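In our numbering, the protein residues as written are 0 to 226.
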Ligand SMILES: [Fe+2]
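Structure (structure tokens):
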């Protein structure tokens with residue numbers, strides 16, 4: 000007669016197997032995120048500050064704004080991959096040095112929707128895809144693609160909007176020199192409440208100032224000599 004299986008052992012084995020599968024799933028998802036991020040680097044779509052630094056800023060701001068720990072993975076992914084839709088915009092437009100025509104501008108402005116359409120296909124990244132969709136909205140409703148206003152814009156999108164603008168302003172591009180940190184901070188503040196969320200700015204500006212101090216320290220000069 001066959002021995003009766005021990006149900007307790009079966010359950011323990013199943014729990015172990017489920018855990019293994021969950022870990023495999025997370026590892027696979029993380030690899031996909033890293034691979035897409037690598038692709039953005041290769042396409043030169045990420046701006047000057049390395050994209051991991053952008054994600055680090057987003058996480059620091061999110062923590063300062065008391066976002067729950069379990070939401071931070073989505074924040075990190077959205078900060079890394081919010082511009083992934085730019086792969087759908089021709090390089091000749093993305094890297095154009097001169098002014099854009101209205102048609103070119105409207106094509107570039109489609110990139111948040113393209114980002115959403117890519118990220119939403121990742122199981123478990125639906126939230127991050129929505130944050131990417133709204134990262135060019137403005138507090139006064141003049142942004143795109145949906146013209147959302149104020150707190151209707153997801154908080155994570157408001158965070159990405161600020162750190163992305165700062166990164167773009169201070170980064171050197173092939174056709175222009177990056178702005179000094181102090182000037183970039185002044186410009187953020189000038190658009191407080193219209194483009195940028197004042198609460199997010201309040202959380203981010205000390206981080207940006209620290210960043211400037213670190214850059215100057217690394218260059219062997221001082222903030223006061225330059226500001
Ligand atoms: Fe963008």
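Ideal Cβ positions, reconstructed from N, Cα and C, are used throughout, including at glycine.
Predicted model, so just to flag it, every value in this text is computed and none were measured.
For residue i, I'd like the list of residues in its chain whose CB is within less than 7 Å of its CB, leaving aside the five on either flank, ordered along the chain.
i, result
"residue 106", "88 and 92"
"residue 156", "130, 133, 134 and 136"
"residue 42", "86"
"residue 123", "28"
Please state the DSSP three-state secondary structure of residue i.
i, result
"residue 109", "coil"
"residue 170", "coil"
"residue 186", "helix"
"residue 165", "helix"
"residue 195", "strand"
"residue 0", "Residue confidence is low: residue 0 scores 48 on pLDDT, short of 50, so the model does not pin down where it sits. Its coordinate-derived value is still stated next. It is coil, neither helix nor strand."
"residue 175", "strand"
"residue 147", "coil"
"residue 6", "helix"
"residue 85", "helix"
"residue 90", "helix"
"residue 234", "Only positions 0 to 226 of the chain appear in the structure, and residue 234 is not among them; the question remains open."
"residue 229", "Residue 229 is absent from the structure shown; the chain starts at 0 and stops at 226."
"residue 18", "helix"
"residue 97", "coil"
"residue 152", "coil"
Give every residue of the same chain whose Cβ lies closer than 8 Å to the Cβ of residue i, excluding the five residues on either side of it in the sequence, and list them in chain order.
i, result
"residue 188", "200 and 204"
"residue 192", "138 and 139"
"residue 99", "92 and 107"
"residue 147", "133, 136 and 140"
Can you tell me whether residue i is buried or exposed, with buried defined as 16 or more other CB within 10 angstroms of its CB?
i, result
"residue 111", "buried"
"residue 85", "buried"
"residue 77", "buried"
"residue 221", "Low per-residue confidence applies at residue 221: pLDDT is 44, beneath 50, and the placement is therefore not dependable, though the value from the model is reported in the following sentence. Classification for residue 221: exposed."
"residue 150", "exposed"
"residue 292", "The question about residue 292 has no answer here: the residues shown for the chain are numbered 0 through 226."
"residue 96", "exposed"
"residue 202", "buried"
"residue 36", "buried"
"residue 20", "exposed"
"residue 23", "exposed"
Can you tell me whether residue i sits near ligand 3, meaning its C-beta is under 7 Å from at least one heavy atom of the ligand?
i, result
"residue 40", "Absent from the structure shown: ligand 3. Ligands present: ligand 1."
I'd like the list of long-range same chain contacts for residue i, defined as Cβ closer than 6 Å, with 5 residues on each side in sequence excluded.
i, result
"residue 44", "82 and 85"
"residue 226", "Annotation note: pLDDT 37 at residue 226 (below 50); position unreliable, no value reported."
"residue 152", "133 and 136"
Report task. Examine the Cβ distances between the segment 127–137 and the segment 20–31 and report whether three or more of them are shorter than 8 Å. Result -> no
Query raised in the report: Taking only runs of the alpha helix (DSSP H) that begin and end inside the segment 119–143, which ones reach a length of at least 4 residues, in chain order?
Result: 125–132
Query raised in the report: Quick one: complete alpha helix (DSSP H) runs, 4+ long, within the segment 38–63?
Result: 50–63
Query - Three-pair Cβ contact test at 8 Å for the segment 62–69 versus the segment 165–179 - result: no
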